[in-house]
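Notes follow the structure.
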Amino acid sequence: MADTCTPGTGSATSTHRDGILDAREPNPARVFDAIHGGKDAYLIDRHIADKLSANTTFRVAVTQARAFMLRAMEHLVGDHGITQIVELGCGYPNAPQIHDVAANQNPSARTLYLDHDPYVAAHALALMTGPNSTFATADLTNFASITELLTTRLDISTPIAVCLSGTAEFLSDAPALVASLLQHLPDRSWLVFTHTAADLHDSDIDTAVETLASAGIRYRPRDRDEVEQMLAPLLLLDPGLVTADLWRPDHGNDDECLAGFGVWPRSTVCSYAAVGKLHRR
1257 MADTCTPGTG
1267 SATSTHRDGI
1277 LDAREPNPAR
1287 VFDAIHGGKD
1297 AYLIDRHIAD
1307 KLSANTTFRV
1317 AVTQARAFML
1327 RAMEHLVGDH
1337 GITQIVELGC
1347 GYPNAPQIHD
1357 VAANQNPSAR
1367 TLYLDHDPYV
1377 AAHALALMTG
1387 PNSTFATADL
1397 TNFASITELL
1407 TTRLDISTPI
1417 AVCLSGTAEF
1427 LSDAPALVAS
1437 LLQHLPDRSW
1447 LVFTHTAADL
1457 HDSDIDTAVE
1467 TLASAGIRYR
1477 PRDRDEVEQM
1487 LAPLLLLDPG
1497 LVTADLWRPD
1507 HGNDDECLAG
1517 FGVWPRSTVC
1527 SYAAVGKLHR
1537 R
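Written as structure tokens, this is what we have:
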């Protein structure tokens, strides 16, 4: 079976086959929602989430990646005048949402959420759709459909900020998705990107990959060289490609986000993060 994706949370193949939902199997979206403190997981999902959360390296990588994404969106809307945002893989609603952060900077900013998982879709349509946000079902392995949604739902004559955070790890061909996106985005658009690192804290991340594999969820960390290659066409904002906690950190929340994560000197957060601008010469 070809890889399909619950953007932001993972492969949906284990939880809905041929249009039939199966709540007896772990759902990637619910597993990762539980890691972020959500309440929609079933016992079978929470069993996996508890194992992953006990892996401090992995838990901090995931939560810091989301914190970075929200900081980056606040910066792009507030400081760069972005008014159109797409999240490729919204997952379950988890406050604050991107559109909340964007609206605080500019009430006219609009967010388009995309996801493949029907469980996510049901929640997103109820809780993530409003005057400045909308949701659409999309399979990220179908590049043509993503392009069509961008061109029909947004104004492609003006820049767009695309979030790909917590999603690429579930795609076997993430580099192809990024390349396709960059080909079709308007000039001076932005990519907000995170990726769990394969070359930092190798054994802890390998353990998380095995935990997910035991639940039928394929997860693919990548190393810095692979991430750099995906981002090569972009001009990266300072401080460039760094671990998620080091990208313009919110020092007011730093201690809370990293509570229990070792002692000084602090351990490296095992998630790469960058914000890049598309600038065609």
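Take this note's numbering: the final residue in the sequence shown is number 1537, and no numbers are missing along the way.
Don't be surprised by glycine CBs; every beta carbon is placed ideally from N, CA and C.
Measuring C-alpha to C-alpha distances from A1435 to each of E1484, H1336, T1313 identifies E1484 as the nearest.
In the structure shown, K1533 falls within a strand segment according to DSSP collapsed to helix, strand and coil. Rounded to whole angstroms, the separation of the alpha carbons of P1442 and P1282 is 38 Å.
Put simply, the stretch 1367-1379 touches the stretch 1344-1352. At least three CB pairs are less than 8 Å apart. Unbroken alpha helix (DSSP H) runs of no fewer than 4 residues, entirely contained in the stretch 1408-1444, are found at 1430-1440, following chain order. Per DSSP, the beta bridge partners of D1371 are T1393. Classified as exposed, A1469 has fewer than 16 neighbouring CB atoms from the shown chains inside 10 Å of its CB.
In this structure, A1464 places its C-beta atom within 8 Å of the C-beta atom of L1308. According to the DSSP assignment, T1319 belongs to the alpha helix (DSSP H) that extends over 1312-1336.
DSSP places H1451 in the uninterrupted beta strand (DSSP E) bounded by 1446-1452.
In the structure shown, I1473 adopts coil according to DSSP, grouped into three states.
Where Q1353 is concerned, there is no enclosing beta strand (DSSP E), because DSSP gives it neither an H nor an E. The distance from the Cβ of R1322 to that of R1504 is about 15 Å, inconsistent with a contact at the 8 Å cut-off.
Of all C-beta pairs linking the stretch 1381-1392 to the stretch 1352-1368, three or more are shorter than 8 Å, placing the two stretches in contact.
The DSSP-derived three-state label of R1302 is helix. Remark: fewer than three beta-carbon pairs, one from each stretch, lie closer than 8 Å, so the stretch 1439-1454 and the stretch 1361-1368 are not flagged as touching.
One Cα belongs to L1491, the other to L1447, and the distance between them is close to 10 Å.
By the 16-neighbour rule on beta-carbons within 10 angstroms, L1427 is buried. Annotation: the continuous beta strand (DSSP E) that includes E1343 extends over 1340-1344. Counting only residues of its own chain and dropping the five nearest sequence neighbours on each side, Y1528 has a CB closer than 7 Å to the CB of T1450, H1451, A1453, R1480, V1483, L1497, T1499. P1495 counts as exposed, since fewer than 16 other C-beta atoms from the protein chains shown sit within 10 angstroms of its C-beta. When beta bridges are read from the DSSP output, Y1528 appears opposite H1451, T1499.
Per DSSP, the continuous beta strand (DSSP E) segment holding L1490 begins and ends at 1490-1492. R1286 sits in a helix when the DSSP states are folded into three classes. Spatial neighbours of L1370 in its own chain (CB-CB distance under 8 Å, excluding positions within 5 residues in sequence) are listed in chain order as P1263, V1342, E1343, L1344, G1345, C1346, F1391, A1392, T1393, A1394, L1396, I1402, L1405.
R1478 sits buried, since 16 or more C-beta atoms from the chains shown fall within 10 Å of its C-beta. As DSSP reads the structure, R1366 sits in a beta bridge with Q1340. Here Q1361 is actually not in contact with L1410; their C-beta atoms are around 18 Å apart, not less than 8 Å. In the structure shown, R1480 falls within a helical segment according to DSSP collapsed to helix, strand and coil. Cβ contact annotation for M1486 (same chain, cutoff 6 Å, sequence separation greater than five): P1431, V1434, in chain order.
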